[in-house]
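A.B. asks: First the structure, which I've put down as structure tokens, then a few questions once you've had a look.
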Amino acid sequence: MLKKSTHLLKDAAGAALKPLNQSELKLAMTDLAEIGREQPAVAAMLKAGGPLCDFIAAAFTLSPYLRDAANIDNDILAAAISAPLEPQIEALIKEARDSWQAEEGVFPAESVVMTRLRRIKRKVAFLVALADLARIFDGRQTTAWLSALAEASVAAAIDHLLMSAHESGKLVIKDTGKPSEGSGLIVLGMGKLGASELNYSSDIDLVVFFDEQAGIVPDPDDAIEIFPRLMRRLVRILQERTADGYVFRTDLRLRPDPGSTPLAISFDAAMIYYEGRGQNWERAAFIKAKPVAGDLAAGEDFLRGLVPFVFRKYLDYAAIADIHSIKRQIHAHKGHGAIAVKGHNVKLGRGGIREIEFFAQTQQLIAGGRMPVLRSRGTEETLAELTKAKWIDAETRDELTDAYWFLRDVEHRIQMVRDEQTHLLPETEADLKRIAFMMGFSDTSSFSEKLVDKLRTVERRYARLFEQENKLSTDTGNLVFTGQNDDPDTLETLKKMGFQRPSDISRIIRTWHYGRYRATQSVEARERLTELTPQLLRVFGESKRADEALLRFDSFISGLPSGIQLFSLLGSNPALLSLIVNIMSSAPKLAEVIAAKPHVFDGMLDPGLMAELPTREYLGERLKASLVQARYYEELLDRLRIFAAEQRFLIGIRLLTGAINGAMAARAFTHLADLIIEAALDGVVKEVEAAHGRFPGGKVAVAGMGKLGSFELTAGSDIDLILLYDYDDTAGESDGEKPLDAVRYFTRITQRLIAAFSAPTAEGILYEVDMRLRPSGNKGPVATRINSFEKYQREEAWTWEHMALSRARLICGDASLTEAAERIISDVLSQKRDTAKVARDVGEMRDLIDKEKAPENGWDLKLIPGGVIDIEFIAQYLALIAPTKGDAVKVNGLNTGEALKALGGRLMTPADLDTCLEAFNLYTELSQLIRLCIDGLFDPKEAPSGLVELVCRAGDCPDIKTLESEVKRLSKAVRKIFQAVLKA
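Numbering (this note's numbering) for the sequence shown: 3 to 986.
Structural data, given as structure tokens:
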């Protein structure tokens with residue numbers, strides 16, 4: 003894609019960008035003026051004004067990362083506006099490739115190579131970003147330049163490592179001028195690196211093999227020790243964060259069985275693995291594989307040897323079932339409802355980049371063995387070759403190619419804002435405006451319209467591909483469910499469809515046809531169900547453990563008051579049917595909810611469900627509408643229960659289908675709880691006032707603690723509360739017909755509030771309530787007066803109680819009391835403490851939990867060493883010692899990850915902070931899904947197969963073994979960080 007051409011930024015046509023707003027523009031111009039003092043070229047640009055100056059200023063308002071880069075290194079901006087871009091980038095990439103080389107006969111130290119590569123990366127990223135925003139580069143050139151830099155960086159690092167090992171006597175290099183040649187060390191770039199399609203802030207996927215017989219290891223038996231050790235250093239060279247940033251995040255998990263193999267694997271062991279145990283997802287991964295560093299000739303030989311594994315000799319329809327499994331892992335949807343723009347994942351979401359790539363790769367896997375022209379790496383090139391081979395038509399090629407590069411442009415701009423590896427569009431209008439402006443749109447609505455059009459196009463084409471694949475097995479056989487006895491041919495058909503107990507399935511369906519449930523009593527309902535049955539069985543049969551899933555569906559329809567509307571909808575809406583199968587096969591807990599409370603299903607019929615993020619405003623409007631007709635207290639409680647059950651379910655559906663991620667679900671579950679608590683408190687206070695009157699000067703407020711306080715509730719969380727109150731000291735009792743003294747009055751409010759949440763009614767319970775975090779715990783009164791709360795926190799509270807206080811958040815109640823409570827909490831947390839004592843207390847508390855609540859298995863993400871508790875304790879410990887370190891930061895109202903970011907930037911190393919955040923994000927994604935889908939602990943051997951696939955997808959791992967090793971890796975690292983933080 004890279005052509006010999008030269009462009010100047012000032013000559014760029016159509017480069018006009020709108021600044022984010024005037025205040026940001028003023029800040030950008032101030033920074034530019036400061037840079038201009040050091041750089042005459044910048045000063046001249048500012049003096050001249052015009053399109054170039056406007057473009058640079060606007061770019062800096064839209065991308066804080068670009069502005070920071072220019073402030074750190076003034077020269078790069080001067081160079082960008084003064085000289086042709088391509089020659090500069092080309093020279094920088096050559097400089098990166100040569101960064102390992104000796105100067106005056108002395109090879110550079112590793113730290114020098116790291117510094118050189120990081121500074122070059124910053125310069126190239128800056129130049130490429132400006133060229134991209136100016137439309138000098140399109141997506142093809144942007145990805146090609148970034149990939150070229152990555153290849154040069156990896157190759158330089160490998161040469162440095164080989165020379166380092168040569169100088170230490172571990173290896174004997176054949177040519178010290180070209181260390182990699184003939185080394186037998188094979189470094190393959192996978193995914194977007196292999197296809198030269200890297201993102202702006204992409205990580206790089208590498209797989210490393212070595213040939214023990216290449217002759218550079220004096221004793222070939224030592225190779226298995228030497229090369230993995232070198233790869234650990236490679237990862238450090240490329241991804242460790244230093245004062246100069248990082249080069250590329252590096253992922254080596256695409257190697258064979260990464261949970262149990264070293265970072266580099268011998269050539270022979272790899273071949274044995276792929277020939278005997280290689281899986282279809284690995285075949286798909288190797289389509290894009292390309293030698294990028296090390297012994298390139300040996301790398302090409304290795305890939306030639308893998309061709310029979312990746313591309314089968316005949317049309318590979320046998321792999322289609324497995325390809326469907328991969329499809330479920332990336333979770334494509336066939337158009338259920340509208341597409342939300344805010345928060346949409348342009349890579350993995352509906353109609354996203356992954357669907358286009360998968361569209362091409364599945365057909366390559368099927369036909370690439372017979373048609374070598376289909377073995378291309380690049381997505382656009384593959385679509386073109388599929389068209390020439392008549393696998394797709396020109397219209398499909400053009401639509402998908404156009405959508406691909408549009409979405410890649412969007413992805414680059416998302417990442418360009420702050421150099422973060424994210425694919426999620428912002429959730430706020432202000433941040434979405436950044437992306438729209440960077441894309442050249444004048445407003446978010448026109449950008450959103452264009453984006454949704456592209457996503458819809460991809461979704462439609464992708465769905466069609468798999469509809470065609472399904473037609474490969476048209477003849478399902480007999481499906482007869484009349485009479486008393488099983489039809490033998492029907493049992494055979496059911497077995498072929500994927501059911502293990504065909505006789506039981508046949509009996510269930512006969513039950514439907516006999517009208518034994520209310521939902522199937524009408525002739526019309528049975529007719530609709532008869533028409534739906536073949537499709538229903540096919541879709542259920544494709545899920546693993548199909549029998550269990552269908553049994554849950556049977557339980558669901560047995561509780562429905564009527565069925566004709568549902569069966570008609572399922573017959574005309576395959577997406578809704580797929581969603582139900584997804585619930586039945588992945589989420590027994592959700593299946594039980596809709597079986598017990600079929601009314602929650604009504605919300606799934608809303609076509610806007612997936613388009614609307616469950617924000618506080620969204621939920622608040624619906625709660626208000628739901629409570630309008632509540633005439634008395636008991637009805638209010640029932641309506642709160644109905645609303646909470648339905649919205650918890652719908653938030654869960656969004657999470658299950660990938661419309662929102664785990665962090666968004668946690669926030670949504672918490673917003674829901676906040677609103678319910680506020681409405682319940684209002685109802686309770688009115689009830690108590692009706693019976694006992696008002697207490698003079700009386701006021702109450704509710705504080706949320708634990709996961710409620712830190713916006714981290716899951717589908718099954720209880721709620722930790724403290725009720726605070728105050729009143730006029732001169733008053734003796736309330737002014738009603740049945741007056742109460744102050745203690746009994748506010749205790750009554752608290753008891754009624756607990757009952758409002760946890761008392762079972764016909765509609766179930768709202769939440770289990772835990773009030774053990776109040777002053778003195780279970781020994782103290784259930785309601786706490788504000789002055790007692792303050793005295794306790796200042797004079798009596800233990801370290802662990804102050805840790806808990808760092809997550810406290812006032813949810814509702816009297817404004818002045820809320821303000822007073824927040825001031826007390828802030829004052830208490832701002833106190834300077836004995837750091838050594840706090841560290842000792844935190845360590846002892848964690849040891850006690852380890853002793854008394856040992857994790858039941860490696861998936862007990864909360865309790866495992868290095869699990870959720872360790873990360874929470876790190877954040878809470880830092881919150882307590884920060885004032886002593888002269889760095890008081892308010893963390894109340896933040897989740898644990900946000901608190902770590904706020905505190906850890908100054909109190910932790912960047913690498914440790916990144917590891918903790920990576921672990922926290924992974925634990926959040928997994929915990930949210932697991933708590934949504936099942937009760938109790940997750941055990942992959944016992945869990946529904948659909949849930950195992952969802953968990954793998956949430957962890958961005960191809961299989962459960964890889965995910966398990968990832969959890970082990972991160973938890974081990976977090977435990978070390980926890981111990982180090984306490985010792986610091």
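Idealized CB from N, CA, C, for every residue including glycine.
1) Between 620, 131, 97 and 426, which lies nearest to residue 122 when the distance is taken from Cα to Cα?
2) Tell me the rounded alpha-carbon separation between residue 301 and residue 288.
3) Going by other Cβ atoms of all chains shown within 10 Å of its Cβ, with 16 needed for buried, is residue 832 buried or exposed?
4) Tell me, please, whether the CB atom of residue 969 is closer than 7 Å to any CB atom in chain C?
5) List the DSSP bridge partners of residue 721.
6) Identify whether residue 208 lies in helix, strand or coil by the three-state DSSP scheme.
7) How big is the Cα-Cα spacing for residue 629 and residue 982?
8) Got a sec, what are the start and stop residues for the beta strand (DSSP E) residue 292 sits in?
9) Helix or strand or just coil, what does DSSP make of residue 976?
10) How would you write the range of the alpha helix (DSSP H) that residue 19 sits in, first residue to last?
11) Determine whether the beta carbon atoms of residue 211 and residue 131 lie at a separation below 7 Å.
12) Below 8 Å on the Cβ atoms is my contact criterion, and I expect residue 795 with residue 830 to pass it. Report the Cβ-Cβ distance as a whole number of Å.
13) Under 8 Å, with one C-beta from each stretch per pair, do the stretch 762-778 and the stretch 850-857 reach the 3-pair mark?
14) CB-CB under 7 Å to residue 134, same chain, minus the five flanking residues each way: which ones, in chain order?
15) Give the secondary structure of residue 815 by DSSP, where H, G and I count as helix, E and B as strand, and everything else as coil.
16) Measure the alpha-carbon distance for residue 193 versus residue 976 and round it to whole angstroms.
17) Please identify the residue among 425, 214 and 514 whose C-alpha is closest to the C-alpha of residue 532.
18) Buried or exposed for residue 19, going by 16 or more other Cβ atoms inside 10 Å?
19) Please report the straight-line C-alpha distance between residue 963 and residue 311, rounded to a whole angstrom.
20) Identify, in the order they occur along the chain, each residue of the same chain with its Cβ nearer than 7 Å to the Cβ of residue 104, setting aside the five sequence neighbours on each side.
21) Per DSSP, what kind of secondary structure is residue 47 in: helix, strand or coil?
22) Taking DSSP as the reference, what is the three-state secondary structure of residue 859?
23) Would you report the Cα separation of residue 22 and residue 200, rounded to the nearest angstrom?
24) Within 10 Å of its beta-carbon, does residue 596 have 16 or more other beta-carbons around it, so buried, or fewer, so exposed?
25) If you measure between the beta carbons of residue 152 and residue 250, is that distance less than 7 Å?
26) Can the beta-carbon of residue 548 be found closer than 7 Å to that of residue 501?
27) Under the DSSP definition of a beta bridge, which residues are partnered with residue 266?
28) What is the residue span of the alpha helix (DSSP H) that residue 701 lies within?
29) Between the alpha carbons of residue 68 and residue 119, how many angstroms are there, rounded?
30) Please list the terminal residues of the continuous beta strand (DSSP E) segment that includes residue 191.
31) Hey, could you find the ends of the alpha helix (DSSP H) residue 787 is sitting in?
32) Would you kindly work out how many angstroms separate the C-alpha atoms of residue 44 and residue 406, rounded to a whole number?
33) Answer with buried or exposed for residue 626, where buried requires no fewer than 16 other C-beta atoms within 10 angstroms of its C-beta.
34) With respect to the alpha helix (DSSP H) encompassing residue 887, which residues constitute its N-terminal and C-terminal limits?
35) In this structure, how does DSSP classify residue 727 when only helix, strand and coil are distinguished?
36) Could you check where the alpha helix (DSSP H) with residue 55 kicks off and where it finishes?
C.D. replies: Taking the structure as given:
1) 97
2) 12 Å
3) exposed
4) Among the protein chains of the structure shown there is no chain C, as only one such chain exists.
5) 771
6) In the three-state reduction of the DSSP assignment, residue 208 falls in the strand class, which pools E and B.
7) 51 Å
8) Counting along the chain, the beta strand (DSSP E) containing residue 292 begins and ends at 292-296.
9) helix
10) Looking at the DSSP string, residue 19 is not in any alpha helix (DSSP H), and its letter there is neither H nor E.
11) The answer is no: Cβ separation not under 7 Å.
12) Contact check for residue 795 and residue 830: beta-carbon distance about 5 Å, within the 8 Å limit, so the pair qualifies.
13) no
14) 144 and 414
15) strand
16) 28 Å
17) 514
18) buried
19) Near 22 Å, if we compare the C-alpha coordinates of residue 311 and residue 963.
20) none
21) helix
22) coil
23) Between the alpha carbons of residue 22 and residue 200 lies a gap of roughly 27 Å.
24) buried
25) Cβ atoms of residue 152 and residue 250: closer than 7 Å.
26) yes
27) 210
28) Premise fails: residue 701 lies in the beta strand (DSSP E), 701-707, not in any alpha helix (DSSP H).
29) Looking at the two C-alpha atoms, the distance is approximately 18 Å.
30) That run of the beta strand (DSSP E) goes 187-192.
31) Going by DSSP, residue 787 is part of no alpha helix (DSSP H) but of the beta strand (DSSP E) stretching over 785-787.
32) 36 Å
33) exposed
34) Taken as a continuous stretch (DSSP letters only), residue 887 belongs to no alpha helix (DSSP H), as it is neither H nor E.
35) strand
36) Per DSSP, residue 55 belongs to the alpha helix (DSSP H) from 52-64.
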